[in-house]
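Mapping of the sequence shown onto the numbering used here: residues 170 to 470, in sequence order. Where a beta carbon is used, it is the ideal one built from N, C-alpha and C, also for glycine.
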Amino acid sequence: GQATRADVTPLVPACAFHGEADPTAVLLNGRLTRPLAAHELGHTFGLGHASRWDCTPSCDVEEYGNGFSTMGGGAGDFNAFEKASLGWLGGVTRPATGGVHEIASIERAVAAPQALVVTTARSEFWFESRGVTTPSYLGDSTQPPGVLVLAGPSVDGPESPYPRTNLLLPNPSGSRRFAYRPGEAFVDRGVFRVTVERHDASGAALRFEWLDRVRPTRPVVTSARVRGRVVTLEWLAANDGRSGVASYTVIADGRVRAQLERRAWTTRLSLAPGTHRVSVVATDRAGNRSAAGTRRVVVRG
Numbered sequence: 170g171q172a173t174r175a176d177v178t179p180l181v182p183a184c185a186f187h188g189e190a191d192p193t194a195v196l197l198n199g200r201l202t203r204p205l206a207a208h209e210l211g212h213t214f215g216l217g218h219a220s221r222w223d224c225t226p227s228c229d230v231e232e233y234g235n236g237f238s239t240m241g242g243g244a245g246d247f248n249a250f251e252k253a254s255l256g257w258l259g260g261v262t263r264p265a266t267g268g269v270h271e272i273a274s275i276e277r278a279v280a281a282p283q284a285l286v287v288t289t290a291r292s293e294f295w296f297e298s299r300g301v302t303t304p305s306y307l308g309d310s311t312q313p314p315g316v317l318v319l320a321g322p323s324v325d326g327p328e329s330p331y332p333r334t335n336l337l338l339p340n341p342s343g344s345r346r347f348a349y350r351p352g353e354a355f356v357d358r359g360v361f362r363v364t365v366e367r368h369d370a371s372g373a374a375l376r377f378e379w380l381d382r383v384r385p386t387r388p389v390v391t392s393a394r395v396r397g398r399v400v401t402l403e404w405l406a407a408n409d410g411r412s413g414v415a416s417y418t419v420i421a422d423g424r425v426r427a428q429l430e431r432r433a434w435t436t437r438l439s440l441a442p443g444t445h446r447v448s449v450v451a452t453d454r455a456g457n458r459s460a461a462g463t464r465r466v467v468v469r470g
């Protein structure tokens with residue numbers, strides 16, 4: 170890639186900015202500090218600001234509100250979401266079922282997973298471990314180590330309560346302490362819970378569990394076109410506003426014929442001559458299965 174040029178000018182008090190960046194250059198206004206240089210270099214890599222979702226009292230984005238990431242108001246390392254977007258993260262864990270998962274602290278380069286990522290119907294949540302105390306960029310506050318929760322819109326598409334990605338969420342137990350300590354839990358009500366089982370400088374153990382017990386709606390089979398022995402089946406997507414639809418199972422005469430990802434709403438089946446009962450069942454991420462949408466299909470010999 171193209172090299173980035175960095176220039177430090179004499180301080181110009183009339184200029185409100187500390188630093189500016191474009192894809193190939195960084196300009197620092199009379200200041201040269203590690204957090205400022207890292208922040209502006211982050212912009213040249215394509216990173217945006219590490220913001221915070223502030224709901225005191227009305228909800229809004231505080232642009233530099235993440236007091237941990239150098240892309241926000243912190244003097245610490247990039248966060249898990251940012252490192253993943255740059256290909257610098259050791260890996261992520263995306264739990265499908267309940268259990269305890271280990272993640273390594275974000276401040277060191279390791280091959281182990283460094284984030285737990287939970288996708289739901291409306292939002293996506295990133296859990297990361299901070300192993301050290303983090304001062305603010307201006308040195309006027311500090312944040313203790315612990316587990317952070319970042320949120321943004323889901324890949325599923327329905328409207329999320331979070332207007333953009335990479336938003337630090339508050340800790341209801343911590344006042345202005347955003348990191349979760351052992352014994353504290355993040356809960357997306359009716360969807361999932363993540364409890365901090367252990368935390369130290371090296372990482373954290375997180376217990377994940379689905380709380381979603383609601384089945385997706387029944388898929389509606391809209392068409393079953395027969396051409397020779399090939400049946401083209403189409404259906405309307407099932408709805409699930411909690412964990413979100415994960416997959417569809419296509420069943421013919423009681424036998425599973427296809428397992429399809431959540432964005433697939435059509436498939437082809439080869440069936441013998443005769444009358445068949447074809448069904449589609451939606452399964453959400455929490456493992457809840459919908460009632461079957463069915464269709465009677467006649468294949469002529």
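Checking the DSSP bridge columns, you'll see residue 272 partnered with 373. Put simply, the backbone Cα of residue 326 is about 27 Å away from that of residue 212. A residue is called buried when at least 16 other Cβ atoms come within 10 angstroms of its Cβ; residue 428 does not meet this threshold and is exposed.
By the neighbour-count definition (other C-beta atoms within 10 Å, threshold 16), residue 430 is an exposed residue.
Sequence-distant Cβ neighbours of residue 239 in its own chain, meaning closer than 6 Å and more than five residues away, are 204, 207, 208. In chain order, 257, 259 place their CB closer than 8 Å to the CB of residue 278, counting only its own chain and leaving out the 5 sequence neighbours on each side. Per the coordinates, the alpha-carbon of residue 252 lies some 20 Å from the alpha-carbon of residue 292. Within the DSSP secondary-structure output, residue 223 pairs in a beta bridge with 229.
From the listed residues 399, 395, 375, 361, the smallest Cα separation to residue 382 is found for 361.
CA-to-CA, the gap between residue 369 and residue 232 works out to about 29 Å.
Residue 425 is positioned such that its CB atom lies no closer than 8 Å to that of residue 405. Taking residue 320 as the centre and dropping the five residues before and after it, the same chain places the C-beta of 292, 294, 331, 336, 338 closer than 6 Å to its C-beta, in chain order. Separation of residue 442 and residue 467 (C-alpha to C-alpha, rounded to the nearest whole angstrom) is 7 Å. The three-state secondary structure of residue 205, taken from DSSP, is helix. In the three-state reduction of the DSSP assignment, residue 254 falls in the helix class, which pools H, G and I. Note: residue 428 is bridge-paired with 418 in the DSSP secondary-structure output. Of the residues assessed, residue 446 falls on the exposed side of the cut-off, its CB having fewer than 16 other CB atoms within 10 angstroms. Residue 368 is bridged by DSSP to 373.
Taking residue 299 as the centre and dropping the five residues before and after it, the same chain places the C-beta of 237, 245, 274, 275, 276, 312, 314, 315, 316, 317, 348 closer than 8 Å to its C-beta, in chain order. Pairing residue 305 with residue 243 gives a Cβ-Cβ distance under 8 Å. Here residue 384 has 457, 459 as same chain residues with Cβ atoms under 6 Å from its own Cβ, once five neighbours each way along the sequence are excluded.
Within the same chain, Cβ atoms closer than 7 Å to the Cβ of residue 255 are found at 214, the five residues on either side in sequence being excluded.
When only Cα atoms are considered, residue 281 and residue 250 end up about 16 Å apart. Counting every other CB atom within 10 Å of its CB across the protein chains shown gives residue 402 a total of 16 or more, marking it as buried. Annotation: residue 407 to residue 271 spans about 33 Å, alpha carbon to alpha carbon.
Within a 10 Å sphere around the beta-carbon of residue 328 sit fewer than 16 other beta-carbons, which makes this residue exposed.
Here residue 289 really is in contact with residue 412; their C-beta atoms are around 5 Å apart, less than 8 Å. Boundaries of the beta strand (DSSP E) around residue 322: 315-322. Of the other Cβ atoms in all chains shown, fewer than 16 fall within 10 Å of the Cβ of residue 435; this residue is therefore exposed. If one requires a minimum length of 3 residues, the beta strand (DSSP E) runs lying completely within the stretch 378-413 are 389-396, 399-405, in chain order.
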